[in-house]
Structure formats: C-alpha cells, structure tokens
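All remarks here apply to the structure that follows.
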Amino acid sequence: MKIQPRQLLLDLWQAAAAYSYVKGEWVFGGRAEPNSTADAEQLLCLMYPATTESPYFRLEQPDLTARDVAEALRPLGEAVDVPQVLLGAVSAFLRRYRDDDGIPVFHGGSYLQAINQGDELPPDRQQVEIVDSMSMSITLCLAILGFFKEYRNTGIRRPQLLRDIEWVEKAASERLTAAMVGLLRSFAVHAFSPTSAAGDTLLRTTDQDRLPREQLTAQLQRSLNDIRADLQRATAGTAGLEVLENENHLFECGWSWGVVRAAPTVRTDEFPEAAQKPGRAISRPNLYFTLTALDGIADLFSERTRRLGLLTAAQQALSDNLQFRWDLVQRYWSTIAGFGSQRTALEDIPWRPTVRADGEIPVNDHYYSLQVAGMMIEDLYRQKPSDNELSRVAKVLDELAIRSRVTRRATRQEAAIDMHVPGLRVRLVETDEREPELVWPVADFVTALLKRTVRLATLARGAELRQELLDLADRIWDHIEQRMIEEGPGEGLWDDPRRTFRDLSPVSTEPSWYFTERVMECLIAVVGAIEREPVTSGRAITEALELLAEAEHLFHKQLLGGGLDAGPAMRRELDGIGVQIERGRAAAQRRPGTAKAILQEILLRLDQLDAARPQFYEAIQP
0 MKIQPRQLLL
10 DLWQAAAAYS
20 YVKGEWVFGG
30 RAEPNSTADA
40 EQLLCLMYPA
50 TTESPYFRLE
60 QPDLTARDVA
70 EALRPLGEAV
80 DVPQVLLGAV
90 SAFLRRYRDD
100 DGIPVFHGGS
110 YLQAINQGDE
120 LPPDRQQVEI
130 VDSMSMSITL
140 CLAILGFFKE
150 YRNTGIRRPQ
160 LLRDIEWVEK
170 AASERLTAAM
180 VGLLRSFAVH
190 AFSPTSAAGD
200 TLLRTTDQDR
210 LPREQLTAQL
220 QRSLNDIRAD
230 LQRATAGTAG
240 LEVLENENHL
250 FECGWSWGVV
260 RAAPTVRTDE
270 FPEAAQKPGR
280 AISRPNLYFT
290 LTALDGIADL
300 FSERTRRLGL
310 LTAAQQALSD
320 NLQFRWDLVQ
330 RYWSTIAGFG
340 SQRTALEDIP
350 WRPTVRADGE
360 IPVNDHYYSL
370 QVAGMMIEDL
380 YRQKPSDNEL
390 SRVAKVLDEL
400 AIRSRVTRRA
410 TRQEAAIDMH
420 VPGLRVRLVE
430 TDEREPELVW
440 PVADFVTALL
450 KRTVRLATLA
460 RGAELRQELL
470 DLADRIWDHI
480 EQRMIEEGPG
490 EGLWDDPRRT
500 FRDLSPVSTE
510 PSWYFTERVM
520 ECLIAVVGAI
530 EREPVTSGRA
540 ITEALELLAE
550 AEHLFHKQLL
560 GGGLDAGPAM
570 RRELDGIGVQ
580 IERGRAAAQR
590 RPGTAKAILQ
600 EILLRLDQLD
610 AARPQFYEAI
620 QP
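In numbering that gives the first Met the number 0, the protein residues as written are 0 to 621.
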C-alpha cells in the first residue's frame with residue numbers, strides 16, 4: 000500500500016491548525032458559513048486522530064507528544080499549549096449551538112440548500128435539525144469527553160483551568176445526550192404493499208433468480224420475519240411501528256433526515272421531555288442518513304468509550320436502545336443486499352431506491368449502491384465471512400470506482416461527474432402531500448468509497464484479496480490526493496474537484512470541512528488496517544512450524560553434544576539461539592513469514608556450529 004497515513008495526517012493537521020487558529024483565536028468557518036455540522040467537522044479534523052485507540056497521535060499528555068506531531072501543530076503553540084487551545088475551541092462550539100434556554104440544537108444551517116439550485120435560504124429557514132449534525136456531535140462529544148478526561152489526569156492544578164474543563168465536560172455530556180435522543184426520534188420504519196410502486200421496486204431489486212412474484216414475496220417476507228418481530232420492540236422514541244403488524248406488507252427501516260413527525264418523546268433523566276421539539280421529517284428511511292447515523296452510533300460502544308467509562312447510566316440506556324436499532328438496520332440491509340443465489344441484489348448495479356424524487360438523476364443510483372455496500376460491509380464485521388463473500392463485495396466497489404470515474408479518466412461533460420459535483424441532493428421530505436423545500440447536499444462519494452474499501456481490506460483473510468483491495472485503495476487515494484487545494488487559504492486541505500475534472504467551474508479556495516473531515520476518516524481507517532495482524536495462510540504456518548521443529552531438534556542436538564561446556568563463547572551463542580527459537584515460536588502462528596526468516600537464520604547458525612566441530616560429533620556417534 001502506497002498510502003502513508005502518518006505523514007498525510009500530520010500534513011492535514013498542520014494545514015488545519017494554520018487555517019483555524021489565527022492571531023491567538025480559533026476561527027470557525029470555511030467554504031460554508033459556520034454551522035453545527037461544519038464546525039464539528041472542523042474540530043474533528045484535529046481531535047479525532049488524537050482520540051482513537053491508536054497511540055500515534057496523542058495530544059492530551061504533552062510530555063508524551065511525539066516530536067513530529069508537536070511540530071505539525073506548531074501553529075497552535077507548544078505541545079503544552081495544544082490541549083488548552085482545543086479546550087477554548089470546543090467551549091466556543093458548545094456555547095454557540097444552544098438555544099436561549101441552553102438546549103443543544105442541531106440545525107443544518109448553511110449546509111442546507113433551496114430546492115431550486117441557486118436560490119438563497121434566509122436564516123430562519125436554515126434552523127432545521129439534521130441527523131448528520133446529531134451523528135457528528137456524538138463522535139465529537141465522545142472525543143471531547145475522552146480527551147479531557149485523560150488531560151485532567153496529567154496533574155493539572157490551576158483552578159480556572161479545572162473549572163473550564165469541568166464546564167466543557169458537562170456541556171459535552173448534555174449535547175451527547177441530546178444527540179442520542181434526537182437519533183432515537185429520527186428512526187423510521189416504512190411499510191408498503193408488495194403491489195405498490197415501492198413494493199414493486201424492492202421486489203425487482205431482490206429478484207435475482209427470476210422467481211414467480213408470489214414465491215419471491217413469500218421468500219423475502221420469511222427472510223425478514225425475525226427483523227420485523229424485533230423492530231416492534233424498538234419503541235423508545237419511534238413512531239409508527241404499528242405498520243409492521245400487517246405481515247403481508249414489506250418494509251424498510253433506518254433513519255430519516257431528522258426527527259420524525261409524531262415521534263414520541265424519550266424518557267430520560269438527563270434530557271427533559273419538554274425540551275424535545277416536535278419532528279418534521281417523514282417516517283421513511285434514507286440511505287445516506289441511515290449510514291451516517293450508523294457511523295456515529297458505533298462510537299457509543301467502541302472499546303475506547305467502554306474503557307474510559309464515558310457514558311453515564313442514563314446515556315448507557317440510550318446507547319443500548321440505539322445499538323439495538325443499529326444491529327437491526329444492518330441486518331435488514333445486509334439481508335436485502337445479499338438476496339439472490341447466483342448474483343446478489345448488491346451486485347446488480349445500480350441500486351434502485353424504493354422512492355425516487357422527481358427530477359433525480361439516475362447516476363445517483365450508484366451512490367445508493369455504495370451506501371448499501373457500506374452497511375453490508377459493517378454487518379460483515381459481526382460475522383466471519385469467507386474471502387469468497389468479501390470478493391463479491393470487492394468487485395462491486397471496483398465497479399463503482401470505474402463508473403464514478405475515480406479510477407478511469409472522465410470525458411468532457413460526462414454524467415458520472417455529477418456524482419462528485421454537485422453530488423447527491425437529498426430532498427428533505429416532510430409529507431408525501433407536500434413538495435419539499437429544502438435539500439441536503441451530499442458530495443462524499445470518493446471518500447466513502449475509499450473508507451469502505453479499506454474497511455473491507457481489513458476483513459480479508461487471504462493475502463491475494465487483501466492486496467487487491469489495498470491496490471484499489473491506492474488508486475482511489477490518487478484521485479482524492481489530486482483534489483487537494485494547492486494554493487490559497489485552504490492550501491493542504493480539500494476540496495478542489497476541478498483539478499481532476501477540468502471542465503468544472505472554479506471553486507472557492509477556502510476548505511470544505513465536510514470533505515476534509517471525511518478524508519481524515521479515511522486515513523484513520525488506513526491506520527486501523529495497518530495495525531491489524533498481517534494475513535496468514537495455513538501453508539505458511541505449516542512451513543514455519545516445520546522450520547521450528549527442525550531448529551529445535553538441531554538445537555537440542557547441540558546441547559546433547561555438550562555445547563554448553565565448550566566455553567563462554569559457545570555458551571553465549573547457544574543462549575542467543577535459544578532466545579531466537581522462542582521468538583520464532585511466538586511468531587509462527589501470527590506472523591509465519593517473520594518466523595520463517597528468524598528460523599532460517601537460526602538454522603544457518605546451527606549448521607555453522609555443526610560444521611565447526613565435526614571431530615567432536617564423530618567421537619560421540621555410536
């Protein structure tokens with residue numbers, strides 16, 4: 000793999016720090032005006048790498064900060080200054096995105112667009128709460144809580160600094176609770192007749208074996224029966240579950256774009272029901288917001304969250320409810336995507352959404368294929384898939400990379416460019432009877448493609464498949480790297496699609512935190528892939544064990560021949576060989592290639608010892 004995540008992350012940190020911290024003040028904003036999602040993305044570009052399980056980018060203990068890390072963040076000051084600069088930045092964020100009563104808000108703000116491209120949205124119409132903001136806030140608040148919990152333990156004594164940390168921890172915990180409640184109330188179930196337009200689309204998507212319609216419907220319903228039954232227990236904050244009672248109907252589940260209309264309030268000690276505002280979103284899952292919610296929810300039950308004890312008892316109850324939905328949604332979409340024997344529904348590119356907005360361009364269906372693939376890949380992490388299963392998904396990702404012109408050159412005015420610019424424009428539907436007025440723009444196809452490719456490579460057990468996926472990741476990264484801003488205020492950050500697609504109009508040289516944050520997530524995914532043990536094969540392990548057996552046999556033969564009595568030099572040599580044999584034994588199962596290299600060197604040394612004392616061995620032969 001050519002991607003070098005450490006250096007790339009340090010370069011990103013340096014550029015982000017230089018842009019964000021000006022004359023001793025943290026400055027929010029970039030290509031878009033400050034909003035709750037963009038500002039969280041801006042902070043996460045610095046805080047997320049520092050708060051993963053990887054130890055390479057630690058900032059909360061200045062004495063342990065690596066030299067190159069400290070140098071990259073020099074725009075923020077010395078290593079000892081960095082946590083305090085971040086404290087001020089997150090404090091400003093947490094104060095900014097609260098209403099007059101101190102209740103956290105998750106407005107889409109300047110990211111929202113009018114249904115007609117080019118129309119301006121007045122500020123009052125931008126105050127619509129969005130799942131993207133809730134999910135991003137979960138990730139950010141967990142990063143804040145973990146970072147300052149560990150920073151507090153470095154021996155801080157200044158009373159004002161301790162008070163500032165205490166306030167940030169309290170405010171971050173409140174925002175975390177509000178975001179979790181918001182996601183519970185944004186969960187949606189959509190049921191429909193098999194003979195409806197939505198039912199017909201779902202059945203055509205899953206009909207990979209050309210079954211009679213009645214047989215296909217019955218088979219699909221049987222496959223979803225357990226999920227249907229479990230969904231009816233997902234009552235906290237969820238409206239409309241009664242639609243599942245008609246077992247003749249098909250259904251979808253996931254997250255809508257915001258709090259669902261008629262969603263009940265959630266009873267919790269840490270967020271009053273009176274503060275939970277009525278919802279506006281239609282009770283119908285959207286693939287983009289579903290995958291976005293899943294990514295944020297996963298952070299709630301990560302190893303780091305558990306190890307540091309970041310959740311209160313009330314938050315743990317909310318987390319359990321969200322994890323229950325997280326599991327059901329991944330099971331649902333993985334079942335649908337994997338439907339078919341010779342060819343799965345996912346492999347039948349492009350994916351067809353059950354409800355298509357008027358005027359939506361068909362090329363966006365490739366976005367849906369990638370989003371469904373993302374959910375299927377995350378579901379595979381709970382299983383032990385064979386490389387054959389993974390290979391089928393890998394071929395889908397490779398095909399999407401080609402169709403989106405990520406790994407192929409685009410021709411002039413090609414439709415595939417629309418997948419990147421303007422991207423997917425998700426209409427925020429409130430009811431079927433009323434035309435939507437707002438759009439949420441989605442332009443993360445290539446970063447999502449890279450992230451899912453790396454995640455799939457991490458699952459691969461065979462060296463050949465893993466290498467194929469890492470090679471694909473390198474080619475996708477080449478596209479992403481080319482889109483880095485080369486000059487102007489956002490130099491070293493993203494996104495300048497015109498560098499790849501020459502016919503596009505020039506864009507602002509201010510950074511897109513939306514795109515840059517997703518590049519950062521990709522690099523963290525690469526770090527995770529590198530940290531995994533290398534893939535092994537049974538043949539390689541067998542060869543390593545055979546070498547181990549031979550080395551041990553010859554070693555004991557040396558000892559039997561009186562090697563330890565042959566003088567200090569011989570004793571030191573044999574002691575060293577014994578240590579190396581134990582190293583080879585420890586590595587044989589996990590790193591057979593390394594074990595073979597160690598053991599081959601040992602065998603050579605043993606052979607040299609044997610050759611040096613032929614007369615001695617002749618004397619002891621029977």
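For every residue, glycine included, the Cβ atom is placed at its ideal position computed from N, Cα and C.
Note that the structure is a prediction, hence the values are computed from the model and not measured.
Let me check one thing: in DSSP terms, what residues is residue i bridge-paired to?
i      : result
Arg424 : Pro440
Thr430 : Arg433
Arg97  : Pro103
Trp493 : Met483
Gly253 : Ala187
Glu24  : Val21
Glu128 : His106
Ala113 : Leu437
Val259 : Ala280
Rounding to the nearest angstrom, what Cα-Cα distance links residue i and residue j in this structure?
i      : j      : result
Phe444 : Thr406 : 13 Å
Leu379 : Leu546 : 35 Å
Arg30  : Gln322 : 34 Å
Arg324 : Ala15  : 35 Å
Val258 : Arg283 : 11 Å
Ser53  : Phe92  : 26 Å
Val89  : Leu139 : 9 Å
Ile114 : Gly107 : 15 Å
Val441 : Ile597 : 51 Å
Arg625 : Tyr47  : No answer is possible for residue 625: it lies beyond the span of the chain, which begins at 0 and ends at 621.
Arg124 : Trp350 : 32 Å
Pro435 : Ile2   : 42 Å
Gln220 : Ala261 : 27 Å
Thr205 : Met375 : 15 Å
Leu230 : Asn285 : 17 Å
Tyr110 : Glu213 : 44 Å
Ser35  : Tyr96  : 6 Å
Leu423 : Ile484 : 22 Å
Buried or exposed: which applies to residue i, given that a residue is buried once 16 or more other Cβ atoms fall within 10 Å of its Cβ?
i      : result
Thr194 : exposed
Gln614 : Low local confidence applies: a pLDDT of 49 at Gln614 is under 50, so the model's placement there is unreliable, and no value is given.
Asp574 : exposed
Gln116 : exposed
Val21  : exposed
Glu128 : buried
Ile479 : buried
Ala610 : exposed
Ala414 : exposed
His365 : buried
Gly23  : exposed
Lys169 : exposed
Is the Cβ-Cβ distance between residue i and residue j less than 8 Å?
i      : j      : result
Trp12  : Ala65  : no
Val130 : Gln275 : no
Gly461 : Val534 : yes
Val328 : Leu243 : no
Pro496 : Val420 : yes
Ala197 : Thr353 : yes
Leu345 : Ala372 : yes
Met519 : Gly295 : no
Val428 : Ile281 : yes
Arg151 : Ile143 : no
Leu307 : Gly145 : yes
Thr508 : Pro488 : yes
Leu522 : Leu7   : yes
Asp208 : Gln341 : yes
Leu369 : Arg305 : no
Under 8 Å Cβ to Cβ from residue i, same chain only, skipping five residues before and after it: list those, please.
i      : result
Glu398 : Ile348
Gln620 : Because Gln620 carries a pLDDT of 48, less than 50, the predicted location of this residue cannot be relied on, and no value is offered for it.
Pro505 : Arg497
Using C-beta distances below 7 Å, list every residue in its chain close to residue i, excluding the 5 sequence neighbours before and after it, in chain order.
i      : result
Ala456 : Arg465, Leu468, Leu469, Ala472 and Ala528
Pro277 : none
Ala238 : Val259, Ala261, Ala262, Pro263 and Ser282
CB-CB under 6 Å to residue i, same chain, minus the five flanking residues each way: which ones, in chain order?
i      : result
Leu553 : Leu605
Met133 : Phe105, Ala178, Gly181 and Leu182
Asp38  : Phe27 and Phe92
Ala618 : Reliability fails at Ala618, whose pLDDT of 45 lies under 50, so the model's placement of it is uncertain and the value that follows must be treated cautiously. Excluding positions up to five away in sequence, the list is empty.
Phe338 : Thr205 and Ala344
Pro74  : Ala16, Ala17 and Tyr20
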